[in-house]
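Order-wise, the sequence lines are chains A and B. For the first sequence, the residue numbers in the working numbering are 1 to 116. For the second sequence, the residue numbers in the working numbering are 1001 to 1392. To start, the structure under review is shown below, and the notes come after it.
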Amino acid sequence: MAKLQRKAKGERPTFFQDPNVDKILSMVMGLAGEVAVLHDRLDTAERLLEKSTDIKRSDIENYKASAKVTAERAQWREQFLSEVLRIVEIEQEALANGDTQDYGDAIALVDGSSCE
Amino acid sequence: MSNALPATTQAEHQALPKTTHDEFARQEFVRSYKQYLVKNVHGGNQLAYEQRVKPKFRQENNRDPKDRFEVRDEMVNDPHYQMFSALLRTSQEMMWSSCQIPVQRELESLNKKLNKKRAKPRGSLRMDSSLEIPRYHKSVDIHCQPGGYHTEFSDQDASAGMVYDRAVHIYAMGQMGPYNNDIGASIALWLQETRPEFKPLRILDLGCSVGHSTVPYVDAFPKAEIHGIDVAAPMLRYAHARAEGLGKKIHFSQQNAEILDFEDESFDLVVSHILLHETSDKAIRKIAKECHRLLKKGGIMVHAETPQYKGMAPFDAFMLDWDTRNNNEPFWARSHEIDLMKLSKQAGFDPKKEFETMIPSAFQIAEAKRSLTFQGGDFGGGGFWFIYGNEK
């Protein structure tokens, strides 16, 4: 069977000093995506099992999420992304709250050696 | 509570490729990922700029950065901007990949289904295998879709269209409605509201791709004969199958908007939807001239784009310019700085009849009516589209 082209033609930009960091970030997000896929599959299986203990793979394939389930899953993904990308949120929260003091200032504050 | 899926869910239609349970979940993740970036990471760039980048620049230069180029020189070294950009680029690549997987799985049967001869088609499909794909489409794959709009991976291939229809929905995070038709629907609504006497009988959509923006004109102007042109064969094959599946009569033909084979003064309305920024300086001039040639007197040309950089704060212009270097949109920057009044004038239009304006999104208007708690969208300038055009 014919194969679709997988890479977009054009030089890929890099954003970090070491281009391997760009690649690792893509791997992390790729993995996060696959975790989300597993989550939905497990969620489907659980919902089916709540109705009947006799379920087949085809039942999972044919499952149609209702509006309620669709909304719950979207909410789960938002929470999940927030956990995975917590470190990015931390930096923004620090900027937003003016929490940008040099850590050395905190050490200097408690350092009583000048009193000796 | 109604059990209907939210209006930001893509409608299933005959041409749209089916997904397995996990393929759909993977696409849904990308959509949430993009939403997350808009909602929770994009704003950090402004914080980083105001609190880190600008103060440092001021200290060194005794002034603020004067334009988007100076902002860029500093921001590319900011760790938050680097992280945001790497995440956004990755989301774009994951979007295309997640949309390719179901198409690749059933490529042969999907192509066979889409190309099946229809007994009584409403519209038509006219192909030109000798048409040369413009260089500006071949140098890089626009907005990172592998193979771009035009590449054919098998005989009578429509895969680029199949991938694109789903990807547009994810890219817009559903904010263009169940049929991705918001840009066309918004222009049609704007025309009906601002020019109730204008009843176009022949309409042309330039660079129509899968015809998602063409379809709403069929509903808005039921008496009109509607044409859509594009250079890309896989898009048109899909567009035709899509329109027929939706029961919409549209005549598609494979042509370049720079040199069209339609007669002079044969259209009342010529439109395009985020096409111009995917062309070139030379092409955009030719396209404007073709619009002028094709329009009857009293006819209207309307092009939808994102807003021009003119008058924008340097930081905002810098952010809007992200796609130029990072999403394979080489003409994005330049197209946002073109003097549109001049463009119209060189094409033969009367500059007094030129317009540039923001119009409300038809989808967002409908959403606001559907739900009183609607908070407004993040896509496309927050519920508005920028249009530029001219009456003849």
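Every residue, glycine too, gets a C-beta built ideally from N, C-alpha and C.
Limits of the beta strand (DSSP E) - the one that residue i falls within
i: G1245(B); result: Taken as a continuous stretch (DSSP letters only), G1245(B) belongs to no beta strand (DSSP E), being part of the alpha helix (DSSP H) at A1233 to G1245.
i: F1221(B); result: Per DSSP, F1221(B) belongs to no beta strand (DSSP E) and is neither H nor E.
i: M1273(B); result: Rather than Met, the amino acid found at residue 1273(B) in this sequence is His. Where H1273(B) is concerned, the enclosing beta strand (DSSP E) stretches over F1267 to H1273.
i: I1250(B); result: I1250(B) -> no beta strand (DSSP E), and no H or E assigned at all.
Helix, strand or coil at residue i [DSSP, three-state]
i: D1316(B); result: helix
i: M1301(B); result: strand
i: N1421(B); result: Past the edges of chain B, shown from 1001 to 1392, lies residue 1421(B), and the structure says nothing about it.
i: R1202(B); result: strand
i: P1360(B); result: strand
i: F1262(B); result: coil
i: D1321(B); result: coil
i: E11(A); result: coil
i: N1256(B); result: strand
i: E1354(B); result: strand
i: H1227(B); result: strand
i: F1024(B); result: helix
i: F1384(B); result: strand
i: H1143(B); result: helix
i: Q1175(B); result: coil
i: G1376(B); result: Since pLDDT at G1376(B) reaches only 35, below the 50 mark, its modelled position is unreliable, and the value read off the structure follows with that caveat. Here G1376(B) sits in coil by DSSP.
Distance, residue j Cα to residue i Cα
i: A1025(B); j: S1124(B); result: 35 Å
i: V1270(B); j: S1280(B); result: 19 Å
i: F1363(B); j: R1242(B); result: 20 Å
i: L1275(B); j: I55(A); result: 49 Å
i: V1218(B); j: M1341(B); result: 30 Å
i: P1216(B); j: I1250(B); result: 11 Å
i: G1244(B); j: A1220(B); result: One point to set straight first is that residue 1244(B) is Glu, not Gly, in the sequence displayed. So the two alpha carbons sit approximately 17 Å from each other.
i: P1017(B); j: Y1033(B); result: 22 Å
i: E1106(B); j: N1390(B); result: 44 Å
i: G1207(B); j: M1235(B); result: 10 Å
i: Q1027(B); j: E1263(B); result: 43 Å
i: Q1156(B); j: K1289(B); result: 32 Å
i: P1121(B); j: V1231(B); result: 22 Å
i: K9(A); j: Q1100(B); result: 16 Å
i: R1166(B); j: P1055(B); result: 43 Å
i: E72(A); j: S66(A); result: 10 Å
i: P13(A); j: G1174(B); result: 27 Å
i: A1007(B); j: K68(A); result: 14 Å
i: L95(A); j: Q1051(B); result: 7 Å
i: G1376(B); j: S1154(B); result: With a pLDDT of only 35 at G1376(B), under 50, the local geometry of the prediction cannot be trusted, and no value is derived from it.
i: A1011(B); j: A1347(B); result: 39 Å
i: A2(A); j: Q1308(B); result: 41 Å
i: K1039(B); j: L81(A); result: 12 Å
i: S58(A); j: H1013(B); result: 22 Å
i: F1031(B); j: V84(A); result: Residue 1031(B) is actually Arg in this sequence, not Phe. In a straight line, the C-alpha of R1031(B) is about 16 Å away from that of V84(A).
i: A1086(B); j: D1128(B); result: 39 Å
i: G104(A); j: M1319(B); result: 34 Å
Contact belief for residue i with residue j at Cβ below 8 Å, rounded distance in angstroms
i: N1111(B); j: A1158(B); result: 6 Å
i: K1171(B); j: M1094(B); result: Correcting the residue identity first, residue 1171(B) is Tyr in this sequence and not Lys. Their Cβ separation, rounded to whole angstroms, is 12 Å, which puts Y1171(B) and M1094(B) out of contact at 8 Å.
i: I1203(B); j: F1252(B); result: Not a contact, Cβ separation roughly 13 Å.
i: L1294(B); j: L1260(B); result: 7 Å
i: D1321(B); j: R1068(B); result: 6 Å
i: I60(A); j: H1021(B); result: 6 Å
i: T1357(B); j: I1387(B); result: 6 Å
i: R1237(B); j: N1115(B); result: 6 Å
Residue span of the alpha helix (DSSP H) that contains residue i, given as start and end
i: Q1290(B); result: Correcting the residue type first, residue 1290(B) is Glu in the shown sequence and not Gln. D1281 to L1294 is the span of the alpha helix (DSSP H), which, as asked, contains E1290(B).
i: L1125(B); result: Per DSSP, L1125(B) belongs to no alpha helix (DSSP H); it is in the beta strand (DSSP E), S1124 to R1126.
i: N20(A); result: P19 to K51
i: M1083(B); result: P1079 to R1105
i: Y63(A); result: Taken as a continuous stretch (DSSP letters only), Y63(A) belongs to no alpha helix (DSSP H), as it is neither H nor E.
i: E1074(B); result: R1068 to M1075
i: P1055(B); result: K1054 to N1061
i: S1213(B); result: Where S1213(B) is concerned, there is no enclosing alpha helix (DSSP H), given that its DSSP letter is neither H nor E.
i: R86(A); result: R86 to A96
i: R1135(B); result: R1135 to K1138
i: D105(A); result: Y103 to V110
i: I1187(B); result: D1182 to T1194
i: R1334(B); result: W1332 to S1335
i: G1044(B); result: G1043 to A1048
i: Q1346(B); result: L1340 to Q1346
i: G1311(B); result: Looking at the DSSP string, G1311(B) is not in any alpha helix (DSSP H), and its letter there is neither H nor E.
i: I1170(B); result: S1159 to Y1171
heavy atom of the ligand ADP below 7 Å from residue i C-beta
i: K1248(B); result: Among the components modelled here there is no ligand, and therefore nothing to report on the ligand ADP.
Cutoff 8 Å: residue i Cβ touching any chain C Cβ
i: F1057(B); result: This model lacks chain C altogether; the protein chains it does include are A and B.
Validate contact between the stretch 46–56 of chain A and the stretch 90–103 of chain A using beta carbons, cut 8 Å, 3 pairs: Verdict: no, contact absent.
Segment contact, 8 Å Cβ cut-off, at least three pairs: the stretch 1067–1084 of chain B with the stretch 1138–1150 of chain B: no
Given 8 Å, three or more beta-carbon pairs between the stretch 1323–1337 of chain B and the stretch 1296–1303 of chain B: Result no; under three Cβ-Cβ pairs closer than 8 Å.
The stretch 33–40 of chain A / the stretch 69–89 of chain A touching (three or more Cβ pairs under 8 Å): yes
Three-pair Cβ contact test at 8 Å for the stretch 1177–1185 of chain B versus the stretch 1206–1213 of chain B: yes
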